[in-house]
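**Q**
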Amino acid sequence: KQIWQANLAELLRAGLTEKLATEFVFKKKNIDPDHELEKMHKENIQVVSFLDKKYPRLLKETHNPPYVLFYKGNIENITEETIAIVGSRKFTQYGKQVTERIVEELIAQNILIVSGMALGIDSIAHITTVKNKKRTVAVLGSGLDQQNIYPSSNRGLAEEIIANQGLLISEYPIGTLPLKHNFPMRNRIISGLSLGTVVIEAGESSGALITSKFALEQNREVFAIPGNINQPMSVGTNNLIKQGAKLVHNANDIFEELNIKQIQEFHKAQSINPDSKEEAELLKILANESQHINNIVKLSNFPITQVNSTLVLLEMKGLVKNLGGNMYIKSMQ
407 KQIWQANLAE
417 LLRAGLTEKL
427 ATEFVFKKKN
437 IDPDHELEKM
447 HKENIQVVSF
457 LDKKYPRLLK
467 ETHNPPYVLF
477 YKGNIENITE
487 ETIAIVGSRK
497 FTQYGKQVTE
507 RIVEELIAQN
517 ILIVSGMALG
527 IDSIAHITTV
537 KNKKRTVAVL
547 GSGLDQQNIY
557 PSSNRGLAEE
567 IIANQGLLIS
577 EYPIGTLPLK
587 HNFPMRNRII
597 SGLSLGTVVI
607 EAGESSGALI
617 TSKFALEQNR
627 EVFAIPGNIN
637 QPMSVGTNNL
647 IKQGAKLVHN
657 ANDIFEELNI
667 KQIQEFHKAQ
677 SINPDSKEEA
687 ELLKILANES
697 QHINNIVKLS
707 NFPITQVNST
717 LVLLEMKGLV
727 KNLGGNMYIK
737 SMQ
């Protein structure tokens, strides 16, 4: 309620970028929140804002995250060991087999699979995960109400994803049609939720290449499966490899590049121990959302010189990430 009632100045003070805050203030003018909440309740749709502690951390670290996410399922089931699997709607038997194998290898190590629930490679990734009783996240380009889930042939799959403790996510409110122009923008959420994006079969103009482009812009890794040079469905992936994407034969190639196993071991053991009360206070301030340095000074009551020097030390230790524009956030460990 406080977020909804906040004005532009209050949103900026809370840490939103000017673009994000302005967009939020503009769009909410045309929304009746009580009516929308009633419709969402009937469809078991929930909402989380950028300022909420439950907002996915990896997505929050990108430069253009949605200011709200609508979801079905438990959003707190999103882990930070997350890989996106994307590819063409049209696929070969080779593409199907590779997708199933890579996904099975990833989920065996408790990696959370993210995709777009489109026909083709996306659906195969979700289906393989569900068959193995593992969680998966589907990011849609429409509202999450049953009648707008697209493609309609995947409505049963959507229910299976939820039944397996997975998640449906969209930045589009209930009632939004699956319009063509929605899908390229939803791809930034797929890549933004993930440590890396794996492209499995993509033609020269496949939408999966848009996801890989967003991943690069978000400073995330792009992986590609090599394919037959005579196969149109491999033109996009082979071009990605030529352009510098990491060639993948199996999941170990992904683990090694991202140090995922080390991250998992760290999470099992870990507890970050700051070396001073100043470091502890700044980590606390930056734990759940990005903050401008001026806000950090205000919240900590430390002199700006002390805040600057402490942030530098925390960056050197890899505990804090500089997002640019004097915005900081606690790093994903």
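The sequence shown: position 171 = 577 (the working numbering), numbered continuously.
Here a beta-carbon is modelled for each residue, glycine too, at the ideal position from N, C-alpha and C.
Note that the structure is predicted; figures quoted are calculated from it, not measured.
Looking at the unbroken beta strand (DSSP E) that takes in residue 544, where does it start and where does it end?
**A** 542 to 545
**Q** In this structure, how does DSSP classify residue 711 when only helix, strand and coil are distinguished?
**A** helix
**Q** Spell out the partners DSSP gives residue 628 in its beta bridges.
**A** 603
**Q** Just to confirm before moving on: does the CB-CB distance between residue 547 and residue 584 stay below 7 Å?
**A** yes
**Q** Is the segment 649 to 669 touching the segment 612 to 628, taking contact as three or more C-beta pairs under 8 Å?
**A** yes
**Q** Quick one: is residue 478 buried, meaning 16 or more other Cβ sit within 10 Å of its Cβ, or exposed?
**A** buried
**Q** If I follow the unbroken alpha helix (DSSP H) through residue 496, where does it start and stop?
**A** Premise fails: residue 496 is in no alpha helix (DSSP H) and is neither H nor E.
**Q** Specify the secondary structure class of residue 698 as computed by DSSP and reduced to three states.
**A** Residue 698 falls in the strand class under three-state DSSP.
**Q** Which residue wins for smallest C-alpha separation from residue 733, given the options 615, 422 and 704?
**A** 422
**Q** Start and end of the alpha helix (DSSP H) containing residue 476?
**A** No alpha helix (DSSP H) holds residue 476; the beta strand (DSSP E) holding it covers 474 to 479.
**Q** Could you give the first and the last residue of the continuous alpha helix (DSSP H) run that contains residue 598?
**A** 588 to 598
**Q** Give the secondary structure of residue 488 by DSSP, where H, G and I count as helix, E and B as strand, and everything else as coil.
**A** strand
**Q** Contact between the segment 453 to 466 and the segment 684 to 696 is defined here as three or more beta-carbon pairs at a separation below 8 Å; is this criterion met?
**A** Enough Cβ pairs lie closer than 8 Å, so yes.
**Q** For residue 617, collect the residues of the same chain with a Cβ closer than 6 Å to its Cβ; drop the 5 residues on either side in sequence, then sort them by chain order.
**A** Same-chain partners within the cutoff: 492, 593, 596, 597 and 603.
**Q** Could you check what DSSP says for residue 460 in three-state terms: helix, strand or coil?
**A** coil
**Q** Output needed for residue 663: all residues of its chain with C-beta closer than 8 Å, excluding positions within five of it in sequence on either side, in chain order.
**A** 602, 627, 629 and 652
**Q** For the candidate residues 413, 419 and 607, whose alpha-carbon lies nearest to that of residue 700?
**A** 419
**Q** Can you list, in chain order, the residues of its chain with a C-beta nearer than 7 Å to that of residue 496? Leave out the 5 residues immediately preceding and following it.
**A** 526 and 639
**Q** Once the 5 residues before and after residue 456 are set aside, which same chain residues still bring their CB inside 8 Å of it?
**A** 422, 426, 466, 471, 472, 473, 474 and 695
**Q** How about residue 540 and residue 568: are their beta carbons less than 7 Å apart?
**A** no
**Q** Assign residue 545 to buried or exposed, taking buried as 16 or more other Cβ atoms, counted over all protein chains shown, within 10 Å of its Cβ.
**A** buried
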